[in-house]
Each structure stands twice: as C-alpha cells, then as structure tokens.
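Single-structure report; data block below.
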Amino acid sequence: MQQKKPMFHIQNKVFLYAFLIYLVVLCIAPMWIALINGTRASGDILSSPLALMPGSALFENHKVLIENDMNIWHAMLNSFKISVPFTLISAYFCTLAGFGLAKHDFPGRNIVYIVVLATLMVPMQLGFIGYFDLMTKVGLEDTHLSLILPAFHNGAFIFFTKQYIETAVHDELIEAAIVDGASNIKIFHHLVFPIASPAIATMSIFTFVTSWNNLLSPLIMISSNEKQPMPVFISLLRDPLMGQEFGAIYLALGISIIPLAAVFILLSRFIIAGMTQGAVKG
Amino acid sequence: MHRRKYPLAFLYVCPFLIAYMVLQIYPLIYSLYLSFTDYEGFGTPNFIGLDNYFKVLKVDGETYYRGLIVDPLFWKSAFNTLRQWGIAFTLQLSSAMFLSAIFYYSKIKGKSLFRAIFYFPNFITVTTIAVLFGNFFGYEAGVFNYLLAKLHLIDEPVRWLSNKVFVATATPMIIWWLWFGQTAIILYAGMTTIPKDYYEAAKIEGVSDWQSYFNITVPLLRPTILYVLITALIGGLQHYDLAAFLTSGGAGNPDSINLTMMMYMYNKAFVGFRYGYGSAVAVGIFFIIQLCAGIMFYWYLTRKNKI
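Protein sequence lines correspond, in order, to chains A and B.
In terms of the numbering used here, the first sequence opens at residue 1486 and continues consecutively.
In terms of the numbering used here, the second sequence opens at residue 418 and continues consecutively.
Here it is in structure tokens:
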C-alpha cells in the first residue's frame, strides 16, 4: 500500500501550535487587559494602556465607581435576583414539560411539540413592544418579575430535556415504578428528574448565562437605575460622565468578567459537551 | 420507543403553553396590531391602516413622514445588519472549518483545552465586550493606538471610532472573534458523527486526507452547517448589544454605520416613543429574517450533495 501524505505533516506541527497559541492569546488577552487595568491608576493607563503587572489602584478605582453612583455590587445582586429564579423556573417547569412530551401520549401532544420547535425559530425579541405594553397594563413594569416570567417558555430547555429523557430514562423503569404504585408526578420527582440531572445541569448553565447576559430586556422593562442588572450597568460605562476614569471603567469591566470566567473555568467540560450534544441531535 | 397514554400529562405542558401564549404569542400579535396604529404610549391607539408602512407625507416639497417601505434609515439598518452578519459569518464558517479539520485530522495535544479557550469569548457578556473594545479603540488611553505607535505605524493617535470604515470593519471582526470557537466546536462534533468506515474505505482506495476532507467530510457536514447557518442568522439579524455600545450614543454612530435593525426598532419605540412605528419596524425585521432563512433553506434543498 502506498504511503499517503497526512493532512498535517509533523514539520507543520510547529506552525500549527504557533497558530493555535496565537488564537489562545487573541481569546484571552482582551479580558486579561481588563483585569490588569482595573488595578491600575487612570493616569498610568493614560500613559501606557498595556501592562503586564497589576497596579495598586484597585481600591481607588473602586472608590471612583461608588462615588460616581455606579455601585457594581448592587447591579450584580440584581443580576442574581433575576437569573437564579429564571434558571430554577426553567429547570423545573421545562423539564416537566419535556417529561410530558417524551414519555406520554395525550390529546394535542404533536401540536404542543410543534409549538416547542416553533419557539426555537421565531425571533422572540420582535414581540418586545407588545410585551412591554402587556407588563405596563398588568402593573409589572419596572419589576424583576417581568424579566423572570419568560423562564416558563424556554423552548430550548424543553427540547433538550425531552430528547435526553427519551433515551436516558428507560420505559421499564417507569413501568416498574407504576407497578409499585407510584403516582406519575412522584415518578417525575424521584426517578426522571435525578436521571435527567446531567441534561438539566447543562441547560441550566446555558439558561443562567443567557439570562445573565441579556441586555435588551432589562433596557426596555426596567426604568429605575437601582434595579438594573449587570449588562445595563456596563452599558452606562460608555457614558461620557465616566470620562477619564479609565481605571474605574476597566475595574467594572473586570468585575463583570470574573463570575462568568469562574463558571466557565469550573464547568467548561459540561458546557462544551452540552453544546455539542444539542447541535448534533438538533 | 413507547409513549404511554396518559391524558393528564397535558397538565405538564400547561405552564409552558399558557406562558408562551400570554407572554409571547399575544405580544407578537399585539405588536402586529400596533403597527397599524399611531400609538405613542398613552391614550388609545388610533388605527391608521398601512400608513406606518407606505405613507409619504410631503409639505412644500419637504418630506415630513415616511412609511417603513420608503424609510431610508430602516433600509440602511437592514443593509448594515446583513453586511455585518455576512462578513462575520463568512469568516466564522471558514475559520471554523479549518479549525475543526485541525482538531479532527492532526495529532496535536490539548485539543479539548484549545477548544474550550476558543469558546471562552462567547461566554462573556456582549455588552462588556462592546465597552471593552470601545476603550481599546479609544482616542486617549486606547490600547490600539498605543500598539500602533509602538510599531511606528502611526505618529499621532487616531480617533478610530469616528472612522466609518474602521467601525464597519471592526464590528464584524469582533463578532467573528465571539463566535468562531463555538462554530468550530459544533462542526467538530458534526465531524465525529460521520462513520469511520467511510474514511477507512477512502484510505484503502488511496485517497489523501485533503481529498477525503472535501469529498466526504464537507458534503456529510451539510446538515450541521445548515444548523449553524440558521441559528447564526436568526441571532445575527437581531444583533444589538455590540453595535450599540462599541461607539457611544447607542445609535450606531458615526453616520449610522453601525445602526442595526433591532437598534432602529428600540430607538423608534423606546427612545422616540413611537410604539406604532417601532412595531412596524419589528414586522419588517420579522419578514427580512424569514426571507433570509427561506433563501438558506432553498439553497440547502436545491443543491443536494454539493457545498
């Protein structure tokens, strides 16, 4: 048999590594610069915006933020107040719907399934004006609740858990539980939910991060500054009021990166596995 | 697989169904209705028919009112959005094809670590990325000016964010940077589902890696590419965060070069309080997205077995 040339030769490997490492730098450097500059004085950043070592102005930068009425910790707390309930509601109710679709035949099942698929294709932001109007009419304007309620119709969560439950929860297990006299909802709580927990965990991470990063919804729904979550807070840094306070701006950007970077570093294995499953099955 | 007959399971999907109908379908339909009115946020909406779409009001030769179809700013925002998305997606797909081939064919170490790091930018709040790059390209204390000066490419700092061509180039580059890792991971996952037998058969026939890549991998990857294309399209045409906050002002300045469709809708409805007209813009966006997705599907279905 003749020897075929492989796509990437051994001698090319050096270039390959160099290229990949170049991309690694490209992916990390911007966030790294934000973290470093957040600890440097604005004057130092003005004279040289790039530095390898952190500075000593961390607390001064923090003071500038607070003095400018930019309490980032408050914004972060608001983000938690929105994203945590959002994720919990999706995790419970959308898994329940996923279970309903995966293991049961009921009148209208196929239509409901088509509706779930439709949620994935219809751009949800286009109903914003109507949603804003609805929330105003029922007195929920300027509340975190108006940002949490859409957690109930998280179509991607339903789709993903449905696919998972179909293959991971065996029918024999459910039948055995029925023979033992367990009610269907008990089967969900004690059998299906634990077995589906890897899928629920993966989707919960994505749901949490998507909710955390959402800018446009709070921009539209929330009018009081003290209720704004992180993305809106960050967008205010673009305001000329912050002017020359480069250190404080970078500090705020750095603080907004840290929680997401932490989640990513701790859970990246889960996240990437989940993403590829969704794509291949979808 | 067997689905047990259990009518009460309908209750399990009720929270979803009710929420979807009340919080999504009703607002969509109500937005459609508002697009036929002159609603400005108070009082009752007056029905004005298709005026938001087609009316042109001229007084003494000056145009006072333009319906969506003749609104140059709406079409500009549509063109901007498609341009940004088109450039970003072309770069994103080609670099991801290349990277996924590296991950699949080469025997380098640390592949999963590389994949994770390339995905990392996608995880960070886009608003943070927008403000961060806005600072990098800043006139004072801008990292970009600093680097160019160090390399002796410029003598004086440049106001990059006031330069139309620069902003129009930088925005899709940042979108590429946000998404190339995600796309590479999905394409790689698609590649791993292609049966190994195909490649072994090709190898026995004396086919090189590059040939098998173009003749086996790429054609069989078409469903995955379509998935990436459609999801990127639906997300990309609703793009707002980066374009709005890379430059200050939230209007896609300079000269509306970064004005996207969503930004136009937001500014009309929630800054200018023209809810009726903003709703017409939303309807316009809806049709443009559906049209583009339709073209993609048509392209996909009519060019079977070709890339």
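The beta-carbon is built from N, C-alpha and C at its ideal position, and this holds for glycine as well.
Taking just the CA atoms, how far does residue j sit from residue i?
i: residue 463(B); j: residue 453(B); result: 8 Å
i: residue 1685(A); j: residue 513(B); result: 28 Å
i: residue 441(B); j: residue 663(B); result: 30 Å
i: residue 509(B); j: residue 1661(A); result: 49 Å
i: residue 573(B); j: residue 661(B); result: 27 Å
i: residue 1650(A); j: residue 428(B); result: 18 Å
i: residue 1746(A); j: residue 601(B); result: 20 Å
i: residue 1536(A); j: residue 1627(A); result: 41 Å
i: residue 1658(A); j: residue 1675(A); result: 12 Å
i: residue 687(B); j: residue 1668(A); result: 49 Å
i: residue 1508(A); j: residue 713(B); result: 30 Å
i: residue 422(B); j: residue 1594(A); result: 11 Å
With a threshold of 16 other CB atoms inside 10 Å of the CB of residue i, please say whether the residue is buried or exposed.
i: residue 1697(A); result: buried
i: residue 612(B); result: exposed
i: residue 1541(A); result: exposed
i: residue 1638(A); result: buried
i: residue 636(B); result: exposed
i: residue 1772(A); result: Nothing in the structure corresponds to residue 1772(A), since chain A is present only between 1486 and 1767.
i: residue 1753(A); result: buried
i: residue 518(B); result: buried
i: residue 1515(A); result: buried
i: residue 693(B); result: buried
i: residue 1486(A); result: Any answer about residue 1486(A) is weak, because its pLDDT of 43 lies below 50 and its placement is not dependable; what the coordinates show is given next. Residue 1486(A) comes out exposed.
i: residue 697(B); result: buried
i: residue 546(B); result: buried
i: residue 1700(A); result: buried
i: residue 1729(A); result: exposed
i: residue 590(B); result: exposed
Quick check on this structure: which residue in the options has the alpha carbon closest to the alpha carbon of residue i?
i: residue 639(B); options: 573(B), 587(B), 603(B), 545(B); result: 603(B)
i: residue 1768(A); options: 1645(A), 1677(A), 1522(A); result: Because residue 1768(A) is not part of the residues shown, which for chain A are 1486 to 1767, the question remains open.
i: residue 1571(A); options: 1644(A), 1635(A), 1614(A), 1754(A); result: 1635(A)
i: residue 720(B); options: 618(B), 609(B), 585(B), 643(B); result: 643(B)
i: residue 553(B); options: 539(B), 584(B), 524(B); result: 584(B)
i: residue 438(B); options: 1600(A), 1622(A), 1664(A); result: 1600(A)
i: residue 1538(A); options: 1528(A), 1527(A), 1517(A), 1554(A); result: 1517(A)
i: residue 471(B); options: 683(B), 478(B), 486(B); result: 486(B)
i: residue 577(B); options: 550(B), 681(B), 592(B); result: 550(B)
i: residue 1583(A); options: 1663(A), 1641(A), 1723(A), 1710(A); result: 1641(A)
i: residue 1632(A); options: 1602(A), 1598(A), 1564(A), 1579(A); result: 1564(A)
i: residue 1501(A); options: 493(B), 531(B), 658(B); result: 531(B)
i: residue 634(B); options: 622(B), 529(B), 616(B), 648(B); result: 616(B)
i: residue 500(B); options: 468(B), 593(B), 626(B), 609(B); result: 593(B)
i: residue 1555(A); options: 1749(A), 1716(A), 1744(A), 1748(A); result: 1716(A)
i: residue 1656(A); options: 1508(A), 1643(A), 1673(A), 1645(A); result: 1673(A)
i: residue 1596(A); options: 529(B), 431(B), 590(B), 614(B); result: 431(B)
i: residue 1586(A); options: 650(B), 690(B), 419(B), 714(B); result: 419(B)
i: residue 504(B); options: 466(B), 475(B), 669(B), 596(B); result: 596(B)
i: residue 433(B); options: 1557(A), 1720(A), 1578(A), 1602(A); result: 1578(A)
i: residue 445(B); options: 1531(A), 1619(A), 1624(A); result: 1619(A)
i: residue 1758(A); options: 529(B), 587(B), 560(B); result: 529(B)
Cβ of residue i within 7 Å of any heavy atom in the ligand ADP?
i: residue 1730(A); result: In the structure on display, the ligand ADP does not appear, and there are no ligands present to speak of.
Under 7 Å between beta-carbons, which chain A residues line up against residue i? List them in chain order, please.
i: residue 545(B); result: 1719, 1738, 1741, 1742
i: residue 419(B); result: 1656
i: residue 430(B); result: 1582, 1585, 1586, 1597
i: residue 695(B); result: 1614
i: residue 557(B); result: 1531
i: residue 532(B); result: 1757
Whose Cβ in chain B lies nearer than 7 Å to the Cβ of residue i?
i: residue 1508(A); result: 535
i: residue 1453(A); result: In the structure displayed, chain A extends from 1486 to 1767; residue 1453(A) sits before or after that span and is not available.
i: residue 1547(A); result: None at all; the shortest Cβ gap to chain B is about 17 Å.
Give the interface partners of residue i over in chain B, defined as CB-CB distance under 8 Å, in chain order.
i: residue 1701(A); result: 657, 658, 679, 683
i: residue 1734(A); result: 548, 552
Whose Cβ in chain A lies nearer than 8 Å to the Cβ of residue i?
i: residue 440(B); result: 1616, 1619, 1634, 1635, 1637, 1638
i: residue 688(B); result: In chain order: nothing, as chain A lies at least about 10 Å away.
Show which residues of chain A have a CB atom less than 9 Å away from the CB atom of residue i.
i: residue 635(B); result: None at all; the shortest Cβ gap to chain A is about 13 Å.
i: residue 451(B); result: 1614, 1615, 1618
i: residue 426(B); result: 1584, 1585, 1586, 1588, 1589, 1590, 1591, 1594, 1669
>> What are the residues in the segment 1706-1719 of chain A lying within 7 Å of chain B by C-beta distance?
In response: 1715, 1716, 1719
> Which of the residues in the segment 456-471 of chain B, read from start to end, lie with their CB under 8 Å from any CB of chain A?
Replying inline: none
>> Using a Cβ-Cβ cutoff of 7 Å, what residues of the segment 488-517 of chain B are near chain A? List them in chain order.
In response: none
> Relative to chain B, which residues along the segment 1616-1649 of chain A have a C-beta separation below 7 Å, given in chain order?
Replying inline: 1616, 1618, 1619, 1634, 1635, 1637, 1638, 1643
> At a Cβ cut of 7 Å, what residues of the segment 1518-1542 of chain A count as close to chain B, listed as they run along the chain?
Replying inline: 1518, 1519, 1530, 1531, 1533, 1534, 1535
>> Counting only Cβ-Cβ distances shorter than 7 Å, please list the residues of the segment 1666-1693 of chain A near chain B, keeping chain order.
In response: 1669
>> Please list, in chain order, the residues of the segment 642-667 of chain B that have any C-beta partner in chain A closer than 7 Å.
In response: 644, 651, 655, 657, 658, 662, 665
> Taking a cut of 8 Å between CB atoms, which residues from the segment 1567-1579 of chain A lie near chain B?
Replying inline: 1578, 1579
> Between the segment 576-595 of chain B and chain A, which residues of the former have CB atoms less than 9 Å from a CB of the latter, in chain order?
Replying inline: 594
>> By the 7 Å beta-carbon criterion, what residues does the segment 1744-1763 of chain A contribute toward chain B?
In response: 1745, 1749, 1753, 1757, 1760, 1761
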